[in-house]
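All remarks here apply to the structure that follows.
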Amino acid sequence: AQSVTQLDSQVPVFEEAPVELRCNYSSSVSVYLFWYVQYPNQGLQLLLKYLSGSTLVKGINGFEAEFNKSQTSFHLRKPSVHISDTAEYFCAVTLPGAYKYIFGTGTRLKVLA
Amino acid sequence: GAGVSQSPRYKVAKRGQDVALRCDPISGHVSLFWYQQALGQGPEFLTYFQNEAQLDKSGLPSDRFFAERPEGSVSTLKIQRTQQEDSAVYLCASSSGGQGKNWGNQPQHFGDGTRLSIL
């Protein structure tokens, strides 16, 4: 079975600083990986996804993630964060051809002025 | 509408009451999902519909939970005899993906959820 681990429950960072949110997955077969963002009292919005091909994936709002098969990781990065990036970020995994997403427990990013 | 719409946004009920949560998916989306998100946790899968057929209900926590999508569009999640542990945010998602299609290129689009509080 697949699983996702988000190692950091909270990440505080100053505005305009870079940030990395960590995600590790467990699977014996190839997977699809996603990052979603959840603003307060809202649903989840897709930031980016990895299906295959290039391991560096660019998403919306200046975010990018790198798929590393040997380390079974899919860390999310942004070179310069804004106050508006304050939100909860979820990593999710699924199998090709499968519909069920397995989500991590989330990382709360707090951007400080 | 342009996105997935859920109602009500907030629901407070007394323990033992029945509740019904509504989801209006993106027009034309074949697939519809319900998730439960407990406080401080990620969403957990409850059930999946393709059109009007409920193909997977393996995540429903008990037989008090029931979901339907009778005409293949709007869906309702019903919880009978609510208990305090049912308190959570219930998220609905829809996708144009379906059986035989490439799910990866049709990711799930989420509504804003219904926050259910059981007193």
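Protein chains in written order, with my numbering: chain A, 13 to 125; chain B, 492 to 610.
Glycine included, each C-beta is placed from N, C-alpha and C at the ideal position.
Residue-level contact to chain A via CB, residue i, 7 Å cutoff
i                            : result
proline 516 of chain B       : no
leucine 582 of chain B       : yes
phenylalanine 556 of chain B : no
glutamine 532 of chain B     : yes
phenylalanine 536 of chain B : yes
tyrosine 501 of chain B      : no
phenylalanine 540 of chain B : no
proline 598 of chain B       : yes
aspartate 509 of chain B     : no
Alpha carbon of residue i to alpha carbon of residue j, nearest angstrom
i                        : j                            : result
glutamine 50 of chain A  : tyrosine 581 of chain B      : 14 Å
glycine 74 of chain A    : isoleucine 517 of chain B    : 26 Å
tyrosine 101 of chain A  : serine 92 of chain A         : 16 Å
histidine 600 of chain B : serine 587 of chain B        : 9 Å
cysteine 103 of chain A  : glutamine 54 of chain A      : 17 Å
glycine 494 of chain B   : serine 82 of chain A         : 37 Å
aspartate 547 of chain B : leucine 512 of chain B       : 19 Å
serine 39 of chain A     : glutamine 57 of chain A      : 24 Å
glycine 519 of chain B   : lysine 112 of chain A        : 20 Å
leucine 551 of chain B   : threonine 567 of chain B     : 14 Å
cysteine 35 of chain A   : arginine 120 of chain A      : 13 Å
glutamate 32 of chain A  : proline 24 of chain A        : 11 Å
glutamate 450 of chain B : proline 30 of chain A        : For residue 450 of chain B there is no data in the structure shown, the boundaries of chain B being 492 and 610.
tyrosine 539 of chain B  : glycine 602 of chain B       : 15 Å
glutamine 597 of chain B : phenylalanine 524 of chain B : 13 Å
histidine 87 of chain A  : serine 21 of chain A         : 14 Å
alanine 110 of chain A   : glutamine 14 of chain A      : 12 Å
Residue span of the beta strand (DSSP E) that contains residue i, given as start and end
i                         : result
serine 38 of chain A      : 36 to 38
asparagine 542 of chain B : No beta strand (DSSP E) holds asparagine 542 of chain B; DSSP gives it neither H nor E.
arginine 500 of chain B   : Looking at the DSSP string, arginine 500 of chain B is not in any beta strand (DSSP E), and its letter there is neither H nor E.
Cβ neighbours of residue i in the same chain (closer than 6 Å, five flanking residues each side left out)
i                            : result
phenylalanine 557 of chain B : Lys569
aspartate 515 of chain B     : Ser496 and Val565
glycine 589 of chain B       : Val521, Ser522 and Gln541
Cβ neighbours of residue i in the same chain (closer than 7 Å, five flanking residues each side left out)
i                        : result
arginine 555 of chain B  : Ile570, Gln571 and Arg572
glutamine 574 of chain B : Arg506 and Ile609
Chain B within 7 Å of residue i, Cβ atoms only
i                       : result
lysine 112 of chain A   : yes
proline 56 of chain A   : The identity of residue 56 of chain A in the sequence shown is leucine, whereas the question assumes proline. Chain B, which has a Cβ nearer than 7 Å to the Cβ of leucine 56 of chain A, makes this yes.
threonine 84 of chain A : no
Under 7 Å between C-beta atoms of residue i and residue j
i                        : j                       : result
leucine 19 of chain A    : valine 105 of chain A   : no
alanine 125 of chain A   : glutamate 28 of chain A : no
lysine 70 of chain A     : glutamate 76 of chain A : yes
tryptophan 47 of chain A : leucine 60 of chain A   : yes
glutamine 545 of chain B : valine 521 of chain B   : no
lysine 122 of chain A    : threonine 84 of chain A : no
glycine 116 of chain A   : valine 16 of chain A    : yes
Cβ neighbours of residue i in the same chain (closer than 8 Å, five flanking residues each side left out)
i                        : result
proline 108 of chain A   : Ser42, Val43, Tyr44 and Leu63
glutamine 528 of chain B : Pro534, Glu535, Ala579, Val580, Tyr581, Leu582 and Gly604
lysine 502 of chain B    : Val510, Leu512, Thr605, Arg606, Leu607 and Ser608
proline 561 of chain B   : Glu543
Proximity test, residue i beta-carbon vs the ligand GDP heavy atom, cut-off 6 Å
i                        : result
glutamate 543 of chain B : The ligand GDP is absent from the structure shown, which contains no ligands of any kind.
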